[in-house]
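Here is the structure we will look at.
2 protein chains.
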Amino acid sequence: MTPLDATATPEAAPGPGGTVDAACPGVRPPGRPRDEQATTAITEAALRQLEEVGYVRMSMESVASEAGVARATVYRRFRDKADLITAAIERRGVPGGDVRSDRPRAALVAFLEEFDQRFAESCVEVVGTLIGSRDDRAALELHRQRIVRPRVAHARALVVRAQELGELPASLDPDLAVQMLTGSVFARRVAGLESERSWASRAVDMLGGRDGDV
Amino acid sequence: MTPLDATATPEAAPGPGGTVDAACPGVRPPGRPRDEQATTAITEAALRQLEEVGYVRMSMESVASEAGVARATVYRRFRDKADLITAAIERRGVPGGDVRSDRPRAALVAFLEEFDQRFAESCVEVVGTLIGSRDDRAALELHRQRIVRPRVAHARALVVRAQELGELPASLDPDLAVQMLTGSVFARRVAGLESERSWASRAVDMLGGRDGDV
DNA sequence: TCGATACAGTACGACTCGTATCGTAAACTC
DNA sequence: GAGTTTACGATACGAGTCGTACTGTATCGA
Chain S
1 MTPLDATATP EAAPGPGGTV DAACPGVRPP GRPRDEQATT AITEAALRQL EEVGYVRMSM
61 ESVASEAGVA RATVYRRFRD KADLITAAIE RRGVPGGDVR SDRPRAALVA FLEEFDQRFA
121 ESCVEVVGTL IGSRDDRAAL ELHRQRIVRP RVAHARALVV RAQELGELPA SLDPDLAVQM
181 LTGSVFARRV AGLESERSWA SRAVDMLGGR DGDV
Chain R
215 MTPLDATATP EAAPGPGGTV DAACPGVRPP GRPRDEQATT AITEAALRQL EEVGYVRMSM
275 ESVASEAGVA RATVYRRFRD KADLITAAIE RRGVPGGDVR SDRPRAALVA FLEEFDQRFA
335 ESCVEVVGTL IGSRDDRAAL ELHRQRIVRP RVAHARALVV RAQELGELPA SLDPDLAVQM
395 LTGSVFARRV AGLESERSWA SRAVDMLGGR DGDV
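First to last, the protein sequences are chains S and R.
Residue numbering for the first sequence follows my numbering, starting at 1 and increasing by one per position.
Residue numbering for the second sequence follows my numbering, starting at 215 and increasing by one per position.
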């Protein structure tokens, strides 16, 4: 019935939430195919408006208009506004910091600074708005699965790697450590404060990484 | 013209944002006085709905209805929804943890746990929503001034006190420390995780407070 | 050619916000 | 007690956006 479900990423998103993606190779559905340029135009417009005016002020109409498509074309690809922004952020990928780095502390600092500069503001607004979203408990949970947790997992891997290489104390609870590091970014956004220079390095130092500077 | 401004707290809130309060003693304005019971009924209803259904789903109508007043009565006291929730939270006061305690580390842990249990969820939602609020930059800034910063200042005072008494390393940047401690709460809310038992104590430990356990 | 789907454009219902207006009620002043 | 001033309940209104449904046209495969 609704092609949104039919072609949804089969395993990544159980249930109704998945964005349309990845046609099974060779099996081309009948009828006129989707304009993939339109899809990227939509997600890119969404990301730009997310940064420029924020999630709430980004309307489906304005995104469609900027992408040069009709509103219905957006709804054909994305269940609703939450799904759109989740998919758009997902496309952007996880911020840097190689997990296999031999200098995981530096990679962790890089990850944190990129997160601070490019993702935190949106994250607070989107998740904050989704928490209160009318009834859409599913949209919030899906956003966490697709956006938040992969980034948390990435940061955690960096912490663990740093512990293995002795750049962070082995006694540290990596989960709590990640929460404190990324959380400090949220705390500044909530309070409306600017991040001071080299904050990330100093934050990692606070966890006992004074020795392993790189 | 608008009695909202005329009687607004004169110094606490510069500009248009202040809630009506505190009539100058002796100087009673003409006409029928405000029903103060209605005011408390409104703020209490707002707080209850904030906890139960969240900020977005809490409508002015539902608050007025639960308080047993007309919507206009709410708007006579509070400029808008943001002003209402800010005033309501403000009335609840800053969570515990005596700044002058001789066991500031314990007080800090208590503050963090109360913050985690009673304030964090609302805080993320309200600030997140306000960040994206239509045009209302002022409402966000006012919420930060009246709600966020007093609590940050309180936590900071506890950290400094702990440093003075040797329960936390004097080398710690208290601002960053507070951001990491309170931020970890936000991080869990964003990720949708439960706080594990004694997380606050372990978080403080991570900052080098292992010695000063109480 | 035919069927199926995408697309632009548009209209619609639903919801809540914040404002305005009505008549009535409650305080103070003269 | 009459008049003034403001609060109050009730209600209507405009504005904005969401998500849905429907048109007619365009583009694909069979």
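Note that CB positions come from ideal geometry on N, CA and C, so glycine has one too.
query	result
Quick one: what does DSSP say residue 60 of chain S is sitting in, helix, strand or coil?	helix
Against chain S, does residue 327 of chain R count as a neighbour if the rule is that its beta carbon must be under 9 Å from one of theirs?	no
What do you get for residue 148 of chain S, buried or exposed, if any count of 16 or more other CB atoms within 10 angstroms of its CB means buried?	buried
Between residue 170 of chain S and residue 163 of chain S, how many whole angstroms is the CB-CB distance? I'm expecting something under 8 Å.	5 Å
Counting C-beta neighbours from all protein chains within 10 Å, is the total for residue 316 of chain R 16 or more, i.e. buried, or is it exposed?	exposed
Using a Cβ cut-off of 9 Å, which residues of the stretch 292 to 310 of chain R contact any Cβ in chain S, in chain order?	none
Along chain R, which residues have their Cβ under 7 Å away from the Cβ of residue 186 of chain S?	397, 400, 401 and 404
Roughly how many angstroms separate the alpha carbons of residue 21 of chain S and residue 401 of chain R, rounded to a whole number?	Below a pLDDT of 50, predicted positions are generally treated as unreliable, and residue 21 of chain S, at 44, falls in that range; no measurement from the model is reported.
Give me the Cα-Cα distance between residue 311 of chain R and residue 410 of chain R, rounded to the nearest whole angstrom.	20 Å
Could you compute how far the alpha carbon of residue 356 of chain R sits from the alpha carbon of residue 32 of chain S?	52 Å
If the cut-off is 8 Å on Cβ atoms, which residues from the stretch 140 to 166 of chain S count as contacting chain R, listed in chain order?	140, 141, 144, 148, 149 and 152
Within the chosen definition, does the stretch 328 to 346 of chain R reach the stretch 281 to 288 of chain R through at least 3 CB pairs nearer than 8 Å?	no
What does the alpha-carbon distance come out to for the pair residue 276 of chain R and residue 337 of chain R?	21 Å
Compute the Euclidean distance between the alpha carbons of residue 88 of chain S and residue 182 of chain S, then round it to the nearest angstrom.	21 Å
I need the boundaries of the alpha helix (DSSP H) containing residue 78 of chain S, first residue and last residue.	No alpha helix (DSSP H) holds residue 78 of chain S; DSSP gives it neither H nor E.
What did DSSP end up calling residue 314 of chain R once you bin it into helix, strand or coil?	coil
Relative to the ligand MG, is the shortest distance from any of its heavy atoms to the C-beta of residue 80 of chain S smaller than 8 Å?	Of the ligands one can find in the structure shown there are none, so the ligand MG has no counterpart to examine.
For chain S, check one thing: does any of its Cβ atoms lie closer than 9 Å to the Cβ of residue 268 of chain R?	yes
In its own chain, which residues sit with a C-beta less than 8 Å from the C-beta of residue 194 of chain S, not counting the 5 before and 5 after it?	188
Would residue 323 of chain R pass as an interface residue toward chain S - the criterion being a Cβ-Cβ separation below 9 Å?	no
Could you say which of R:319, R:293, R:399 and R:285 lies nearest to residue 350 of chain R if we only look at CA atoms?	R:293
Give the secondary structure of residue 91 of chain S by DSSP, where H, G and I count as helix, E and B as strand, and everything else as coil.	helix
Is DSSP giving residue 166 of chain S helix, strand or coil here?	coil
Touch check for the stretch 35 to 42 of chain S and the stretch 325 to 334 of chain R: three-plus C-beta pairs under 8 Å?	no
Is residue 319 of chain R closer than 9 Å to residue 382 of chain R when the C-beta atoms are compared?	yes
So with CB distances below 7 Å, who are the chain S contacts of residue 421 of chain R?	206
Measuring CB to CB, does residue 285 of chain R end up less than 9 Å from residue 191 of chain S?	no
Could you give the DSSP three-state label for residue 21 of chain S: helix, strand or coil?	Since pLDDT at residue 21 of chain S reaches only 44, below the 50 mark, its modelled position is unreliable, and the value read off the structure follows with that caveat. The answer is coil: DSSP assigns residue 21 of chain S none of H, G, I, E or B.
Please decide whether residue 72 of chain S counts as near chain R, where near means a Cβ-Cβ distance under 9 Å.	no
Under 9 Å, do residue 334 of chain R and residue 270 of chain R count as touching if we go by C-beta distance?	no
Output, in sequence order along the chain, the residues in the stretch 331 to 351 of chain R whose CB is closer than 9 Å to any CB in chain S.	335, 337, 338, 339, 340, 341, 342, 343, 344, 345, 346, 347, 348 and 349
According to DSSP, simplified to helix, strand and coil, what is residue 407 of chain R?	coil
By alpha-carbon positions, which one of S:93, S:118, S:45 and S:203 ends up nearest to residue 81 of chain S?	S:45
Just the chain S side, please: which residues come within less than 9 Å of residue 386 of chain R by C-beta, in chain order?	206
What would DSSP say about residue 218 of chain S, mapped onto helix, strand or coil?	With chain S covering 1 to 214 only, the question about residue 218 of chain S has no answer from this structure.
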